[in-house]
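Chains as they are written, first to last, in full-length UniProt numbering: chain A, 1 to 710; chain B, 1 to 710.
Ideal placement from N, C-alpha and C gives every residue a C-beta, glycine not left out.
For clarity, every value in this text was computed on a predicted model and none was experimentally measured.
Protein chains: 2
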Amino acid sequence: MAARGGRIRTSSNSIDPNEDPVAGLERVMSSSNLQDSARRRRRREDELLFSRQFDDSERTDSHEALSARYESLNYEVSENSLYREAEKKPYHQMTLWRISRNRWLVCFLIGVFTALVAAFIDIMVDYSKDIKFNWILKYLISKCGEEERGTTAGCMWTVMIAWIGYNCLLVAIAAMLVIYVAPIAGGSGIPQIKCYLNGIAIPEVVRLKTLISKAVGVACSVGGGLCAGKEGPMIHSGAVVGAGISQGKSYSLGIDFGVFREFRNDRERRDFVSAGAAAGVAAAFGAPIGGVLFSLEEGASFWNQNLTWRMFFSSMISTFTVNWILSWFNGRSGWLSWTGLANFGVFEDKEYNVWEIPLFLLIGVIGGVLGALFNYLNTRLTEYRKIYVSSKLGRLFECLLVAAVSGFLGFLTIFAVDDCQPIGVNPTATSNQINRMWCKKGEYSAVASLFFQNPEESVRSLFHSPINSFGATTLIIFSIEYFLLTLWTFGISVPSGLFIPALLSGAAWGRLFGIIVERLFPSITGIDPGKYALAGAAAQLGGIVRMTISLTAICMEATKDITFGLPIMLVLMVAKWVGDIFNEGLYDAHIDLAEVPILGWNPPKMSRNILADRVMRKDVVALERRERVSRIVEILRSTLHHGFPVVDRIEESPIESLPDYGRLKGYILRSQLFKLLENRIFVEDGSSSNLPADFYECQDDDEIGNVGGA
Amino acid sequence: MAARGGRIRTSSNSIDPNEDPVAGLERVMSSSNLQDSARRRRRREDELLFSRQFDDSERTDSHEALSARYESLNYEVSENSLYREAEKKPYHQMTLWRISRNRWLVCFLIGVFTALVAAFIDIMVDYSKDIKFNWILKYLISKCGEEERGTTAGCMWTVMIAWIGYNCLLVAIAAMLVIYVAPIAGGSGIPQIKCYLNGIAIPEVVRLKTLISKAVGVACSVGGGLCAGKEGPMIHSGAVVGAGISQGKSYSLGIDFGVFREFRNDRERRDFVSAGAAAGVAAAFGAPIGGVLFSLEEGASFWNQNLTWRMFFSSMISTFTVNWILSWFNGRSGWLSWTGLANFGVFEDKEYNVWEIPLFLLIGVIGGVLGALFNYLNTRLTEYRKIYVSSKLGRLFECLLVAAVSGFLGFLTIFAVDDCQPIGVNPTATSNQINRMWCKKGEYSAVASLFFQNPEESVRSLFHSPINSFGATTLIIFSIEYFLLTLWTFGISVPSGLFIPALLSGAAWGRLFGIIVERLFPSITGIDPGKYALAGAAAQLGGIVRMTISLTAICMEATKDITFGLPIMLVLMVAKWVGDIFNEGLYDAHIDLAEVPILGWNPPKMSRNILADRVMRKDVVALERRERVSRIVEILRSTLHHGFPVVDRIEESPIESLPDYGRLKGYILRSQLFKLLENRIFVEDGSSSNLPADFYECQDDDEIGNVGGA
């Protein structure tokens, strides 16, 4: 598919993609009769009006343009005469069977390798935490000595500097991987995957070096204490695994394994990328159904039963494998207990009452408003960042600054907030030494346990700990700090997901909401702030990303229970509705910021009544059924189009200003033209020796609509 | 869309749907040049070849034809000039918003009313069981006296005759509802819903009288002890609810509430029917995600994000409401504990090991083979039934016979098999009096508990009871008997589902498989036959219906756990693959038997290389842009087509045998023509007074492709 019309703004150094440089036709303006010229005038006025509106919008919103860097993927099956001949051969059924078997094989491998990547990331994060807590901090704290604690701040400064230094080191690795190796590996990768699944070829998005930068980078940025999750990057990693395995070769390594050649086209690759993305979600949350629904919801322009079933297979294999590896890593080899990377824990008390529904709806409203605020601020921040932090060193410096501030704020909060709870109040809290901080013996610092635990552990403890585990002040401060830090972190040049930080911030204010409800209506027993934390987490995340179906499924699967399905769903629905009043989802906003020409589900409001022929040029770069090689080469040199329509004839029309194209005969891809020229598949024409030849010709009327690389 | 080409065989009393009775054109055969006639000859030969193949297949397989009773639904949006004018009006955005709000409202109502129907069925079955056990049997058994039991068979004969008589009474009600009120209410209704969702207008499938017959009938047939489930009919009921509420009127009652007029077209109605079907699944199994996936998998020809989200909403509301009602019915009002109608219970021991995977795969193979056998036998049986049991009385008699034999076989087995287990071996078994039968005090009859419990309770006890609860003989006999009875029952004229009977039969042989594994490898501890029962149940059902994605989700949700997701999925995959070697799924087989012209996902093998223009007639019943009313009336009288292409011109072509149609301008529906005639929207033509008028005219070039009810 050639460039999309309408919003395209081409950069100055590329040629106009809609201009035919070698059509050999002047624009003829013979006003043969009044009616024709009147119609033309009307159309020209419309065009002028449209272009004026377009110019206006360009002036006011300079980022509202689309980059010409992106081309479409080619999903058309070239059903040409060669293909149909092959179909009639006796072994064709066997070939189909073999391809079908290979699809399943590839999906199996995608599941396994995605799980390996997930397990790698998880284990790396685990080790880095181990080093931080058990080696550096334990050593320093023990050196400070028992008697000094709580009195000498100087020793704590040493601890803090060591802590921040270690964080900065890891974040620097992550940032350098993104800045110097694979820029596309920055962020969560979900916007890029969404574009890819909807048919946009994003350069380098599914390369091996992107995968390596992403996997190592996200382990470093999460290990480095940033407000970042490993779940979004897992989805991107799964997608790269899907693309890589199905193609049987790697551009980054320059290796071609020579397998799965039948899948080397955009259509098959897109299918496997969607399976990989589903496997990524499945590995990240232990949510195979959620993974499938994610791929369907985000890559929503296709739906195919068999493909969905294979996606489901990949997801299941991925969840299964990651559990197997992690059970082996944790010393319980062979047991396939179900966890995934982000395990939200099981709610003991699974019941809620009808009168709690309005409260959940209110949480949805709050989540929608906060989510919209987050998106607005993050979009503005990203715009400023594009302008003012554009150099490589500047971006590296910003990453280090974020890491330092994140670490410093955590320590500052622990200094400032005095929320000591007796050990035993919260059975889910792990009592390592750092959590004690300034508290007396037999107590632990609730603030420290929130800030210094694994983010997933913090989510679990907000969901499941008893009502008095966290003070209201702790929750307010934690929620605001995490909100702001996440705002700052999402968009810097490190691989970083949004899911866990958004869930954490939401869980904190949701829990606070639950505590307030409990104080306001003391007569009602059975309020469990953990449920409100769950609702708040869902609301905050839903308000930011505006996903609905898949997020409900993911939350249900990550909590391993469907009891809270209805409240989660209502919360997500309300959060999306409220958020959509203000702005669009964060991923869509970032897609816009990257100037990607994606077509969403719904047409933009303004364009509802505009027909395609109003915004598309009619003098396209077309080919006739017989073309000279010279013209083909000229066209390939002077345009970047991915494909060209093949028409009956390109002739001057006596009455219209446009050439008379006759009827559309088919469509030929740039890659097919290259292949034909490479293999010199054209006919020498004896009569004129200096011009190469008849190049392309349809043999038969049957070819109508099916022209392709014959 | 007009009638589909190819496999259509029209019945003798209807006219040829492809013949244009009033085109006013003879077929011209002017062989203008050699090339043309050669091409024509070649085509005629192809046609002859094709028609010969077609005739052959007709001779060998007489049911391989399609009935002309079915027409397509009209999914096209008629985007005509009126519509576009309305779109430009200032209040148009408000209208869109109102329609969107109403869609959600309707989906909410669909959820609530589907749940009400589900609760009604459940409560009716409960009462009928109550009458049977607590009134009739308890009275009779107590009359027989304690001392006689086990010695006098005479008294048991009385009990048996009362039992069978009661069953026959209920089944007679169900059968009469189907035979005399709504024939379409027979069976599970899933094949019909599948057709409807794929665009076939099945007469009366979504009428209120169908719903009532279905709901009351299924309560009677399940209460009457048939091997029938209430889950399939629930899906059909949900679909009817969806259609009824969205249309705001009822044909059966002749009432028009005058609401939701904007949804009175096939496209909107199909969407709401899919939401209703999803809500039905959700209510039946407590599986909201499974419901959505069911609608997507079965009605797979569409996928739309917003629609999916509304389907999910309906499903959630439905699950929620049914739980609320049933919790109130069971005396725990207000608690939204999650059950649904078919509750498979929770597995206590949730773990399995990697080496068990091959065993699950083997179960999948067995399930596939048994499922294919079931489908083969049931298809043959249905064919014979169509021929030999065609009278209404004959069908009623068959239903009564099935009811009597089902009851009798149950008693016979209890007489023949002596499987007494001490009470306490199986804590899940309910110990009502009938279960004791001939056993000593302190024991109960395992056979009786299988045959006389609610089918859902039997499934639960096969899944969860300890290893020694059932003897191997009991399981073999029960499995075979249930298999055969289900085979006989599915297709008789009562509303009856297939899910629970298939699950029961599969659970029995799956449990047996588990016991055998345990005996073969006594060294391995931890074999839980309940897990194998689950796998067997899934395999048997999957082998019969060949559903995959949705069935996995339903099983996962009905067992309230995702731990067994992978084994269930593998089992279903293998069962489908193995079954597909032999024949197609039972629902598809029944669709074929009903001669419905459905187009599946994959083209039939033979037709892979056939182009549409080979099988479709080219001299269609077309309209010109200006037509006389007389011709329109004539066409409407003489054809049954749902719509007509509008073309440039219908003129004799000088060279071709077909008329020259010019270009296709659009498509006009039969219903739109009726509306236009009804409201006399046509122009009187003064020049010729005896002919009514110019009837239809496109005003503008813009109309191209968008002709409709202007």
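- Check the Cα spacing between residue 550(A) and each of 575(B), 631(B), 509(B) and 293(B): the tightest is with 293(B).
- Residue nearest to residue 635(B) within the set 309(B), 496(B) and 668(B) is 668(B) (criterion: CA-CA distance).
- Taking a Cβ-Cβ threshold of 7 Å, the residues of chain A close to residue 566(B) are 316 and 320, in chain order.
- When secondary structure is reduced to three states using DSSP, residue 389(A) falls in the coil class, being assigned neither helix nor strand.
- Counting only residues of its own chain and dropping the five nearest sequence neighbours on each side, residue 319(B) has a CB closer than 6 Å to the CB of 282, 286 and 288.
- For residue 644(B), the uninterrupted beta strand (DSSP E) run begins and ends at 643 to 647, by DSSP.
- For residue 634(B), the three-state secondary structure derived from DSSP is helix.
- Here residue 417(B) has 447, 473, 474 and 477 as same chain residues with Cβ atoms under 7 Å from its own Cβ, once five neighbours each way along the sequence are excluded.
- One finds nothing in chain B with a Cβ atom closer than 7 Å to the Cβ of residue 90(A); even the nearest lies about 13 Å away.
- Between residue 344(B) and residue 558(B) a beta carbon distance of about 4 Å is seen, short of the 8 Å cut, so the two are scored as contacting.
- With respect to chain A, the C-beta atom of residue 85(B) has no partner C-beta closer than 8 Å.
- For chain A, none of the residues of the UniProt domain "CBS" (616 to 684) of chain B brings a beta carbon within less than 7 Å of one of its beta carbons.
- Within the segment 522 to 553 of chain B, the residues whose Cβ lies closer than 9 Å to some Cβ of chain A are 548, 549, 552 and 553, listed in chain order.
- Contact between the segment 266 to 278 of chain A and the segment 236 to 249 of chain A is present, with at least three C-beta pairs closer than 8 Å.
- Its Cα nearest to that of residue 683(B), the residue 626(B) stands out among 670(B), 642(B), 653(B) and 626(B).
- Between residue 94(B) and chain A, the shortest Cβ-Cβ separation is not below 8 Å.
- Around the beta-carbon of residue 521(B), fewer than 16 other beta-carbon atoms lie within 10 Å, marking it exposed.
- For residue 325(B), not one C-beta of chain A is nearer than 8 Å to its own C-beta.
- Going by DSSP, residue 536(A) is part of no beta strand (DSSP E) but of the alpha helix (DSSP H) stretching over 529 to 545.
- Within chain B, 561 and 562 have C-beta atoms less than 8 Å from the C-beta of residue 560(A), given in sequence order.
- DSSP places residue 290(B) in the uninterrupted alpha helix (DSSP H) bounded by 288 to 298.
- When rounded, the separation of the alpha-carbon atoms in residue 483(A) and residue 406(A) is 12 Å.
- At least one CB of chain A lies nearer than 8 Å to the CB of residue 309(B).
- In terms of CA proximity to residue 159(B), 134(B) leads the group 182(B), 171(B), 134(B) and 179(B).
- Contact annotation, residue 171(B) with residue 399(B): C-beta distance approximately 5 Å; criterion of less than 8 Å satisfied.
- Across the structure, residue 347(A) and residue 142(A) are spaced so that their CA atoms are roughly 37 Å apart.
- When DSSP states are grouped into helix, strand and coil, residue 257(A) belongs to the coil group.
- Beta-bridge partners of residue 490(B) (DSSP): 492(B).
- In terms of Cβ geometry, residue 295(B) and residue 284(B) do not form a close pair [threshold 8 Å].
- Taking 8 Å as the threshold, the shortest C-beta distance from residue 200(A) to chain B does not fall below it.
- Listed along chain B are 305, each with a C-beta nearer than 7 Å to that of residue 297(A).
- Interface annotation, residue 557(B): in contact with chain A, CB-CB separation under 8 Å.
- At a Cβ-Cβ threshold of 8 Å, residue 270(A) and residue 197(A) count as neighbours.
- Per DSSP, the unbroken beta strand (DSSP E) holding residue 665(B) starts and ends at 664 to 669.
- Contacts with chain B at 8 Å (Cβ-Cβ) do not include residue 173(A).
- Not a single CB atom of chain B sits nearer than 8 Å to the CB of residue 257(A).
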